[in-house]
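In the working numbering, the protein residues as written are 1 to 245.
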C-alpha cells in the first residue's frame with residue numbers, strides 16, 4: 001500500500017474507485033496459503049474472530065463500532081458465489097497517506113481466492129473475478145455522495161500455495177512445495193487530517209462494499225453462497241488443517 005495518489009478532495013465521480021489488472025511483485029512478501037492464522041468464517045460473528053489479530057489495535061483506538069463495517073464486509077464477500085476471503089492485512093499506522101493533502105490514513109487489504117482450487121493456479125479466472133467485482137462496485141446504487149479521502153482498489157494479487165506434489169504421500173511439512181498462483185485483492189483506504197476522521201472514512205468505504213454486494217444479490221434474486229470451509233475439501237486444504245494443529 002505504498003502507492004501515492006494525486007486526487008484532491010472533491011474530485012470527479014468514481015475517481016476513488018480503481019482497477020489494477022496486473023499483480024505487483026511482492027517478492028518474499030507474496031501471500032502464502034494456507035497459513036497458521038487462517039480462520040474459518042461460517043457465521044457473521046466469525047468474521048471478527050478471523051481477523052482480530054489484525055484489527056485489535058484499531059478497535060482499541062477507535063472502538064468496535066467503527067471497525068464493525070469491515071467484519072460485515074468480510075461476511076458479504078464470503079457470500080459471493082465462487083469466492084472466499086483468505087487474508088486481511090491492516091496497514092501499519094506509520095504508513096504515509098496515499099493522498100499528498102492528507103496527514104493520516106487507515107487502510108487494509110483483503111485477499112480472496114476461488115473456491116475451485118485449480119482456478120487459483122490460473123490467471124484468467126482471477127482476472128475475470130476481479131473485473132466482475134470491480135464492475136459491481138462501479139455500477140452500485142450505493143455510491144457515496146461524499147467519497148473524499150476514499151480509495152478502493154480492486155485487482156489481482158500473487159499467491160504462493162503450499163501443495164503436496166503428485167504421487168507424494170503427505171507425512172510432514174517437509175513434503176510441501178510452493179506453487180505460484182493468483183487471487184483477487186481489495187484495498188480500502190480512508191485519508192484525512194486526523195486519524196479519527198480517516199478511520200470514519202475507511203469505515204464508510206467498507207460499509208459501501210458490503211451494501212453493494214448485498215444489494216446486488218437481492219436485486220438479482222440470488223441467495224448468498226454457503227460459507228466456504230478452508231480446512232477441508234481439497235488436498236492442500238487438508239494440509240492447512242495440519243498446519244493449524
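Note that beta-carbon positions come from the ideal geometry of N, C-alpha and C, so glycine has one too. Computed from a predicted model, the values in this text were never measured in an experiment.
According to DSSP, residues forming a beta bridge with residue i
i, result
"residue 17", "152"
"residue 182", "158"
"residue 83", "114"
"residue 88", "110"
"residue 190", "106, 150"
"residue 31", "159"
"residue 177", "163"
Residue i versus residue j: straight-line alpha-carbon distance, rounded
i, j, result
"residue 189", "residue 147", "11 Å"
"residue 50", "residue 71", "9 Å"
"residue 165", "residue 221", "42 Å"
"residue 74", "residue 116", "19 Å"
"residue 243", "residue 114", "Confidence at residue 243 is low in this model, with a pLDDT of 33, below 50, so its placement is unreliable and the value that follows should be read with caution. Roughly 21 Å between the two C-alpha positions."
"residue 187", "residue 152", "6 Å"
"residue 110", "residue 171", "32 Å"
"residue 228", "residue 85", "9 Å"
"residue 57", "residue 124", "37 Å"
"residue 100", "residue 38", "35 Å"
"residue 106", "residue 61", "12 Å"
"residue 102", "residue 150", "11 Å"
"residue 127", "residue 159", "14 Å"
"residue 132", "residue 207", "19 Å"
"residue 203", "residue 29", "26 Å"
"residue 224", "residue 41", "14 Å"
"residue 27", "residue 175", "23 Å"
"residue 226", "residue 46", "14 Å"
"residue 34", "residue 162", "7 Å"
"residue 77", "residue 32", "20 Å"
"residue 130", "residue 112", "10 Å"
"residue 87", "residue 156", "14 Å"
"residue 144", "residue 216", "16 Å"
"residue 96", "residue 36", "29 Å"
Classification of residue i by the beta-carbon crowding that lies within 10 angstroms, buried from 16 upward
i, result
"residue 168", "exposed"
"residue 91", "buried"
"residue 93", "exposed"
"residue 48", "buried"
"residue 15", "exposed"
"residue 135", "exposed"
"residue 154", "buried"
"residue 218", "exposed"
Proximity test, Cβ basis, 8 Å: residue i and chain C
i, result
"residue 209", "Protein chain content of the structure displayed is limited to a single chain, and chain C is not contained in it."
inquiry  = Quick check: the stretch 208-226 against the stretch 132-140, are at least 3 beta-carbon pairs closer than 8 Å?
reply    = Yes: at least three Cβ pairs fall under 8 Å.
task = Spell out a yes or no on whether the stretch 120-134 and the stretch 175-182 are touching, meaning 3 or more CB-CB pairs, one atom from each, closer than 8 Å.
result = Because the criterion of three Cβ pairs below 8 Å is met, the stretch 120-134 and the stretch 175-182 touch.
message = Between the stretch 192-201 and the stretch 78-90, can you find at least three pairs of beta-carbon atoms closer than 8 Å?
response = Result no; under three Cβ-Cβ pairs closer than 8 Å.
key: Stretch-stretch touch, CB-based, cutoff 8 Å, three pairs: the stretch 52-62 with the stretch 15-28   = Segments in contact, no.
request  = Would you be able to state if there are at least three C-beta pairs under 8 Å between the stretch 60-70 and the stretch 197-204?
outcome  = Because the criterion of three Cβ pairs below 8 Å is met, the stretch 197-204 and the stretch 60-70 touch.
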